[in-house]
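Q:
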Amino acid sequence: MGSDMTKDSVFKSLVRFTGPLILSGLLQQVYYITDSVIVGNYVGELGLAAVGVSSPIFYVSIYIISGLVSGYTILISHYYGAREYGKVSKLSNTFVLFIMITACILSAVGLVVKDSILLMLRTPAEVLQAGSEYLAITLVGVPFLVIYNLFGSMLRAIGDSKTPLYAIILSSVANIILDLVFINVFGLGVKGAAVATVIAQMAAGAYLGVHIYVRHPMFRFSLRSDQRDTALFYDSLRLGVPRVIQSSIASVGHLLLQNIMNSFGVNVVTAITTAYKIDALTMLPLVNISVAISIFAGQNLGAKNGARAEEGLKTGVRLTIAFAVLVTLFVVSFGEAMMKIFGVSDHVAAIGGRFFRTCAVFYPIFGLQNAYSGFLQGSKDVVFASACSLVALGVRVLSSYGLAGVLGSDVIAVSEICSWIVGAVICFVRYRSGRWKVLSGLKTADSAPAHAG
């Protein structure tokens, strides 16, 4: 079975789960960064820009899938904490069939509209063809990425963060080797990077699938109708659809932000998309701590232990602040130097370094936003958490367009900071209201007072 997070000390349970989760997240980013490092050094800055401009379009599919999977994961953590393993099995059987059909549809639609979207976003002409080729291959691989992410989410929901770590190690090694072979040996350019990524994801998904089949019978897939439960499935949609709506709107928002970025020219596009890769890597501990808080809260609220769930949040907040300070110091000191690993020019690296120096001081705020949002999601307060994310994104988009004429390319960093501050304040106020106690079934609406702690 997985790891029961309703027992043992809160700190030990959370850290034991968070450690492999952070390592998984870091390796996951290495997995993506490897493409960019090799492309930047063997294909050049135009190849790097092609990968950068295509990523927001590819992530539209991923955001939708991730939103749906999040609802499933929340329910699994609650049912596992409540020891209702039969519900875990029936929900999984129903959800797997649905999510794979959805993945195939998204892949097909993406292939049809990809070029139109690239043109609509004013993609620089010199990277248009390469971006389209990279995007086509990654879209074909969406179902394999979904398998890999779904299986990893299953295991994390029951407290197993180690097995997904092993899968990421496998996929990262495979990705590095295949990148070098396809790009450096065969000269396939950005197409080689895309193919390497898809194959590596297939390998990771296969590994997790075998592990789940052998070690976790409750997750074994069956086509028998008596092994599915539509009521449970609709419950997962009730939690997942708000995240899909959030993700869909967020995807449009990110495309609007990409449009602003593209308007500053290819140097800024290369600098900021490369900086985002480093940014994502360094901030991953903060994101993964929030995931751990969500799973911890889900299992303990499923077991009707609200006090332990809150203690997990407090422990998670302390970890978040500690990591955020370390990350800030690291990025301010080494961010610009890390840009040069990608093979960019000194001018492009300087643009990225300025972005880091502007944003990094506010990483603790970003971490707190994620920590409280993670707790709200784990307590089934998904609608509000999603709405909070959309409000923060709205602040980011509006400030980007409103201040671009004044701040120039610096607006990209400033708008992010504004969104973090707004999101953190809203999520904290919602947590203090105590509404999560009603949504998680700890109290009725009439008996739940505002949080006083």
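Residue numbers (the numbering used here): 732 to 1184. Glycine residues also receive a C-beta, built at the ideal position from the N, C-alpha and C atoms. Please read all numbers here as calculations on a predicted model, not as lab measurements.
(1) What first and last residue would you give for the alpha helix (DSSP H) that runs through H1078?
(2) Going straight from the alpha carbon of A1053 to that of Q860, what length do you get?
(3) Given S1120, which residues of its chain have a CB within under 8 angstroms of its CB, disregarding the five upstream and five downstream residues?
(4) Does DSSP put L852 in a helix, in a strand, or in coil?
(5) Going by the CB atoms, is the gap between A934 and Y865 shorter than 8 angstroms?
(6) Do you know how far the Cα of D1077 is from the Cα of T804?
(7) Take V800 as the anchor and find which of Y811, A780, R955, L822 has the nearest alpha-carbon.
(8) So, at 7 angstroms on beta carbons, what are the nonlocal neighbours of L1138 in its own chain, with the 5 sequence-adjacent residues on each side left out?
(9) Which residues mark the beginning and the end of the alpha helix (DSSP H) in which Q759 is found?
(10) Pick out whichever of F789, L828, A1011 has its Cα sitting closest to the Cα of R951.
(11) Kindly indicate which three-state DSSP category M736 falls into: helix, strand or coil?
(12) Give me, in chain order, the residues of the same chain whose beta-carbon lies closer than 6 angstroms to that of F1061; leave out the 5 immediate sequence neighbours on both sides.
(13) Take every Cβ of the stretch 760–768, pair it with every Cβ of the stretch 827–844, and state whether three or more of those distances are shorter than 8 angstroms.
(14) Evaluate F742 with the Cβ neighbour count: other Cβ atoms within 10 Å of its Cβ, from every protein chain shown; 16 or more gives buried, anything less gives exposed.
(15) Within the chosen definition, does the stretch 1024–1040 reach the stretch 955–965 through at least 3 CB pairs nearer than 8 angstroms?
(16) Exposed or buried, G1047, counting other C-beta atoms within 10 Å across all chains shown (16 or more means buried)?
(17) Here's the rule: buried if 16 or more other CB atoms are within 10 angstroms of the residue's CB, otherwise exposed. What is E1067?
(18) What residue from V1113, K1174, I807 has the CA that sits closest to G890's CA?
(19) Using a Cβ-Cβ cutoff of less than 6 angstroms, which residues in the same chain neighbour L870 once the five nearest sequence positions on both sides are dropped?
(20) Pick helix, strand or coil for H985, following the three-state DSSP scheme.
(21) Quick check: the Cα distance between V999 and L779, rounded to an integer number of angstroms?
(22) What does the alpha-carbon distance come out to for the pair L849 and V819?
(23) Counting only beta-carbon atoms, is C835 nearer than 8 angstroms to chain B?
(24) How about the stretch 1015–1023 and the stretch 1148–1164: do they share at least three Cβ pairs that are nearer than 8 angstroms?
(25) How is F952 classed by DSSP in three states: helix, strand or coil?
(26) Among the residues of its own chain, which have a CB less than 8 angstroms from the CB of M831, if the five just before and after it don't count?
(27) Give the DSSP-derived three-state secondary structure of H809 in the structure shown.
(28) Once you ignore the five residues that flank M885 on each side, which residues in its own chain have a CB closer than 6 angstroms to its CB?
(29) To the nearest angstrom, how far is it from the Cα of M736 to the Cα of A1038?
(30) Are the stretch 986–999 and the stretch 1121–1134 touching, with three or more C-beta to C-beta distances below 8 angstroms?
(31) Just to confirm, is the Cβ distance from Y944 to A898 under 8 angstroms?
(32) What's the C-alpha gap between V1126 and E1147?
(33) Assign D1112 to buried or exposed, taking buried as 16 or more other Cβ atoms, counted over all protein chains shown, within 10 Å of its Cβ.
(34) Where does L822 sit, in a helix, a strand or coil, going by DSSP?
(35) What separation, rounded to the nearest whole angstrom, lies between the Cα atoms of A781 and T1004?
(36) Please give the ranges of any alpha helix (DSSP H) in the stretch 954–1036, keeping only runs that are unbroken, at least 4 residues long and fully inside the region.
A: Concretely, from the data shown:
(1) 1077–1090
(2) 44 angstroms
(3) Q977, A981, S1104, G1154
(4) coil
(5) no
(6) 44 angstroms
(7) L822
(8) V1145
(9) 741–773
(10) L828
(11) coil
(12) none
(13) no
(14) exposed
(15) no
(16) buried
(17) buried
(18) I807
(19) S838, G841, L842
(20) helix
(21) 12 angstroms
(22) 41 angstroms
(23) Among the protein chains of the structure shown there is no chain B, as only one such chain exists.
(24) no
(25) coil
(26) P874, V877, I878
(27) helix
(28) F950
(29) 13 angstroms
(30) yes
(31) no
(32) 9 angstroms
(33) buried
(34) helix
(35) 10 angstroms
(36) 961–993, 997–1033
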